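Structure first, then comments.
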Amino acid sequence: MFNERSILITGGTGSFGRRLIRTLLERHDPKKIIVFSRDELKQFDLQQEIGEEPRLRYFLGDVRDKERLVQAMRGVDIVVHAAALKQVPAAEYNPHECIKTNIHGAENVITAALANDVKKVIALSTDKAANPINLYGATKLASDKLFVAANNIAGGHETVFSVVRYGNVVGSRGSVVPYFRKLLREGATEIPITDPRMTRFWITLDEGVAFVIRSFERMRGGEIFVPKIPSVRITDLAEAMAPGLPHKCIGIRPGEKLHETMCPADDSHLTLRFHDHYVIRPAIRFHSRDNDFKTNQLNEQGMPVEEEFAYNSSNNPKFLSVEELRALDKTVV
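In this note's numbering, each residue carries its 1-based index in the sequence shown increased by 290.
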């Protein structure tokens with residue numbers, strides 16, 4: 291799939307992008323990987339971290355800049371769209387900026403991919419895009435809809451677009467694990483908890499990268515791929531990282547939910563269950579492509595879920611225990 295291919299990663303210097311780059315270089319043989327991001331310091335840091343690597347190209351640019359994206363995607367076969375403004379409170383206070391990056395940026399990625407006849411595009415989404423109550427989730431829902439519908443506007447182009455949706459990434463920048471670690475290093479005597487009832491989906495960077503790579507092999511174009519992953523209780527996470535330390539309830543932040551959803555009940559008629567993931571089929575009909583998503587490109591078979599089925603972090607059959615979280619915390623860098 292990736293051998294001898296040219297790959298472009300928007301947001302390539304973020305936590306996911308960096309891990310994806312390393313995985314592609316170590317386990318595959320890409321012709322070229324283009325790191326597309328707007329932060330020159332992070333690109334410099336990545337160059338120092340990886341060292342001399344002739345297959346890597348560094349493009350300074352912003353997904354808000356359509357012309358720069360068109361230029362960067364020349365000769366590209368595969369695109370991973372990971373660039374986004376992701377901080378929920380920041381999006382609430384800066385809605386225009388979030389819309390420019392997450393919605394208009396998605397439009398620009400689609401336009402540039404079609405202009406260059408890119409073969410496959412996967413956009414990263416979030417559990418916050420399902421039944422969104424905050425601006426970040428709403429912009430990612432709009433982005434998801436844009437990438438799904440892009441398969442219908444492709445016309446004579448062979449480009450196919452799909453979406454991967456998953457939950458909190460353990461140890462990624464801005465997540466709760468590095469925040470708790472920082473507090474503990476500074477000698478905190480209590481751990482701040484937004485709400486003791488709160489639950490979240492939980493996935494490691496390596497698991498997220500592996501699922502995206504697998505989704506490229508599975509995709510027909512138009513699906514939203516959702517991995518089956520465990521949930522955590524925020525109180526269990528705090529206990530795992532800081533045993534015996536008291537918790538201080540500070541209240542839910544602007545735009546936050548108690549629990550997150552990845553497959554909403556309203557989409558149950560579109561949802562298929564596979565052995566290790568779900569697929570949400572497009573609500574619209576594709577006129578030039580096969581609309582049967584029950585068999586993917588790897589010939590894996592999916593079955594419709596039951597009516598009103600919802601996959602959320604509170605009804606998840608798999609929760610990580612305090613011991614499992616503690617063991618996982620030791621492995622996450």
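All C-beta atoms in this analysis are idealised placements derived from N, C-alpha and C, irrespective of residue type, glycine included. On a predicted model such as this, the values are computed, not experimentally measured, just so you know.
For secondary structure counted as the beta strand (DSSP E) over 3 or more consecutive residues, the region 533-617 holds these complete runs in sequence order: 537-539, 551-553, 561-563 and 567-570.
Val-360 and Leu-473 have their alpha carbons spaced roughly 43 Å apart. Rounded to the nearest angstrom, the gap between the Cα atoms of Pro-385 and Asn-586 is 37 Å. Annotated three-state conformation of Pro-379 is helix, per DSSP.
Listed as beta-bridge partners of Arg-523 by DSSP are Thr-489. CA-CA distance, Asp-417 to Leu-562, rounds to 17 Å. If you ignore the 5 residues before and after Arg-471, its C-beta comes within less than 8 Å of the C-beta of Met-531, all in its own chain and listed in chain order. Runs of the alpha helix (DSSP H) lying entirely within the region 312-379 and spanning at least 4 residues, in chain order: 330-340 and 356-362.
Within the same chain, Cβ atoms closer than 7 Å to the Cβ of Lys-332 are found at Thr-303, the five residues on either side in sequence being excluded.
Looking from the CA of Ile-297, the closest CA among Ala-500, Lys-409, Tyr-469 and Thr-551 belongs to Lys-409. In this structure, Ala-420 lies near Pro-554, with their beta-carbon atoms less than 8 Å apart.
A check of alpha carbon separations from Leu-336 across Lys-430, Glu-316, Arg-354 and Ser-305 identifies Ser-305 as the nearest.
The closest CA to that of Lys-376, considering only Val-459, Asp-485, Phe-326 and Arg-312, is found on Val-459.
Distances from the alpha-carbon of Arg-510 to those of Glu-590, Ala-432, His-565 and Pro-520 put Glu-590 closest.
Judged by beta-carbon spacing, Ile-570 lies within the 8 Å limit of Asp-557, meaning their Cβ atoms are closer than that value.
In this structure, Leu-314 keeps its C-beta atom at 8 Å or more from the C-beta atom of His-371. Selection Gly-351, Asp-319 and Glu-513 evaluated against Asp-329 yields Gly-351 as nearest (Cα-Cα). Across the structure, Ser-433 and Phe-451 are spaced so that their CA atoms are roughly 12 Å apart.
Thr-484 carries a coil assignment under DSSP once its states are collapsed to helix, strand and coil.
Around the Cβ of Met-291, a 10 Å sphere holds fewer than 16 other Cβ atoms; the residue is exposed.
Secondary structure of Phe-451 (DSSP, three-state): strand.
Contact between the region 517-534 and the region 473-489 is present, with at least three C-beta pairs closer than 8 Å. Counting every other CB atom within 10 Å of its CB across the protein chains shown gives Glu-550 a total of 16 or more, marking it as buried. Following the DSSP letters along the chain, one finds Phe-515 inside the beta strand (DSSP E) bounded by residues 514-517.
Rounded to the nearest whole angstrom, the C-alpha separation of Pro-520 and Glu-596 is 21 Å.
Burial state of Pro-517 is buried, judged by a 10 Å Cβ sphere holding 16 or more other Cβ atoms.
The DSSP-derived three-state label of Ser-296 is strand. Here the alpha carbons of Asn-605 and Lys-547 stand approximately 15 Å from one another. By a beta-carbon distance limit of 8 Å, Val-353 does not contact Thr-401. Their separation comes to about 11 Å. Ranking Thr-494, His-565, Leu-346 and Ile-443 by CA distance to the CA of Glu-316 puts Leu-346 first. Annotation: the continuous alpha helix (DSSP H) that includes Val-502 extends over 495-508.
Exposed is the label assigned to Ile-574, since fewer than 16 other Cβ atoms lie within 10 Å of its Cβ.
It is roughly 22 Å from the alpha-carbon of Glu-613 to the alpha-carbon of Lys-538. Close CB contacts of Leu-560 within its chain, under the 8 Å cut and outside five residues either way in sequence, are with Ile-570, Arg-571, Pro-572 and Ala-573 (chain order).
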